[in-house]
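Read through the structure below, which is laid out as structure tokens, and then see the notes.
In the numbering used here, the protein residues as written are 2 to 458.
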């Protein structure tokens, strides 16, 4: 029921046309600003270091704290779980298009923060307020359309709250919960992780923007360095394969990628769209959330804080996203083989409700390699899938291969079985099975589903 409501909304928000418009605006701002990306990487770094700080300027937090507060919403959210989704669906080529969006995203972020700083309210110099809602309200007021500006600002606030709750907090907590549950072999449920996160975040938010800035200023650098070291360690172990992975990213960006292992295949356009979607979601460039944090910065020069904000997409997308993608690609997680294999290929049979599912319901034990990696056999809670083909090739993947999903279960005697979801399943976007046709499993491999950031573990 919830998917029936959210899918149409998601289809409008992430429509291909919206993505192309945002990309075009980013290119326009890049040219119009004289390639502000260069300013962000040079002057922006100097500003962040505090060279131009003036204690008498209006504001509540310094430039570094403002950048850290903005990065706290992006680093770890989209550039770990989001990259995993992009690579799993769009293939290695999606990473290349994430790079492109990362570059133009720097121009988007610089421009939106400039506007926010120009129109922010500094009536209380120690606690300024700003963001797109202030830009709309004060900007339209200059044209004698103050009422319209307030309406637009109010609409933005409502949509931003929805985005923060769903795309921000829920996605972040879900990723942390999934990774923690997998790492603990199911002993720490996702609900427990969510409760802990809620309490900790609540304690920080209650303290206002100054406490948020102080906590983010300490936590974000530590988080980034720790992640860089962890990802660097994995890449050192796979050092020989990195040049090949970089080449694969570039070549796959402009050509179809065939299905292999758990990867269903992807066309050029599919890689482009998923790369754009995840990069925009990861960096929040053009979303309007970062300007609210940067508006609290202590400065009287709007562009000075804007070039600091331009560093956000660079750190978030071009650095952290790249490391995540190389970890996923170099370790083979994106096109991995099955965790378990049926000795004989099960047939697909039609169920009582008219859908199709594998005839076999018993679940074979994991392979020796899968047990070595996960350090355990099935626990009876994992989401799994097999690969079947039917109908014509899809425009997105370029193949007619689809996932047949299920959940590993334990019976009363401790035996393992799979509760299969029949196909076609509208919730997973399956096309209908042609009349008289029968889906066929392409192999006997059973794959474990690794949602979001779990693919990096």
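In this text, a Cβ means the ideal position worked out from N, Cα and C, and glycines have one as well.
State the Cα-Cα distance for the pair residue i and residue j, rounded to the nearest angstrom.
i           : j           : result
residue 331 : residue 236 : 7 Å
residue 266 : residue 404 : 12 Å
residue 393 : residue 424 : 15 Å
residue 70  : residue 216 : 8 Å
residue 52  : residue 201 : 33 Å
residue 221 : residue 281 : 20 Å
residue 105 : residue 24  : 7 Å
residue 86  : residue 134 : 31 Å
residue 251 : residue 257 : 12 Å
residue 81  : residue 322 : 7 Å
residue 102 : residue 181 : 30 Å
residue 374 : residue 184 : 11 Å
residue 333 : residue 57  : 53 Å
residue 371 : residue 337 : 10 Å
residue 126 : residue 33  : 31 Å
residue 304 : residue 268 : 40 Å
residue 41  : residue 351 : 59 Å
residue 171 : residue 381 : 25 Å
residue 354 : residue 168 : 34 Å
residue 47  : residue 35  : 19 Å
residue 21  : residue 10  : 18 Å
residue 239 : residue 159 : 46 Å
residue 146 : residue 287 : 24 Å
residue 63  : residue 55  : 9 Å
residue 122 : residue 130 : 5 Å
residue 270 : residue 397 : 7 Å
residue 148 : residue 162 : 21 Å
residue 414 : residue 402 : 35 Å
residue 30  : residue 245 : 34 Å
Who pairs with residue i in a beta bridge, going by DSSP?
i           : result
residue 234 : None, per the DSSP bridge assignment.
residue 367 : 341
residue 388 : 404
residue 130 : 122
residue 261 : 264
residue 382 : Residue 382 pairs with nothing; no bridge assigned.
residue 351 : 357
residue 298 : 62
residue 442 : 389
residue 40  : In the DSSP output, where bridge partners are listed per residue, residue 40 has none listed.
residue 410 : 418
residue 448 : 386
residue 424 : 357
Could you pull out every residue in the same chain whose Cβ sits closer than 6 Å to the Cβ of residue i, ignoring the five residues on either side in sequence?
i           : result
residue 44  : 308
residue 153 : 137
My understanding is that residue i touches residue j, with C-beta atoms under 8 Å, so please give their C-beta distance in whole angstroms.
i           : j           : result
residue 111 : residue 289 : So it is not a contact: roughly 14 Å between Cβ atoms.
residue 299 : residue 61  : 7 Å
residue 339 : residue 259 : With a Cβ gap of about 18 Å, residue 339 and residue 259 do not count as contacting.
residue 306 : residue 67  : 7 Å
residue 264 : residue 92  : 6 Å
residue 390 : residue 441 : 6 Å
residue 328 : residue 232 : 5 Å
residue 17  : residue 395 : No, residue 17 and residue 395 are not in contact; Cβ-Cβ is about 16 Å, not under 8 Å.
residue 301 : residue 59  : 6 Å
residue 443 : residue 388 : 5 Å
Between which residues of its own chain and residue i is the CB-CB distance below 7 Å, once the five residues before and five after are set aside?
i           : result
residue 418 : 362, 363, 364, 410 and 412
residue 140 : 120 and 150
residue 386 : 404, 405, 406, 407, 448 and 450
residue 136 : 116, 117 and 120
residue 15  : 278
residue 132 : 117, 289, 292, 293 and 296
residue 254 : 94, 97, 98 and 272
residue 195 : 174 and 178
residue 262 : 336, 337 and 338
Quick check on residue i: buried or exposed, where buried means 16 or more other Cβ atoms within 10 Å of its Cβ?
i           : result
residue 188 : exposed
residue 124 : exposed
residue 293 : buried
residue 434 : buried
residue 108 : buried
residue 144 : exposed
residue 325 : buried
residue 113 : buried
residue 204 : exposed
residue 214 : buried
residue 348 : exposed
residue 199 : exposed
residue 166 : exposed
From the beta carbon of residue i, is the nearest beta carbon of chain D less than 7 Å away?
i          : result
residue 83 : The structure shown has no chain D; it contains just one protein chain.
Keeping to the same chain, check which residues put their C-beta closer than 8 Å to that of residue i; ignore five residues upstream and five downstream.
i           : result
residue 283 : 75, 78, 79, 80, 83, 84, 99, 317, 318 and 322
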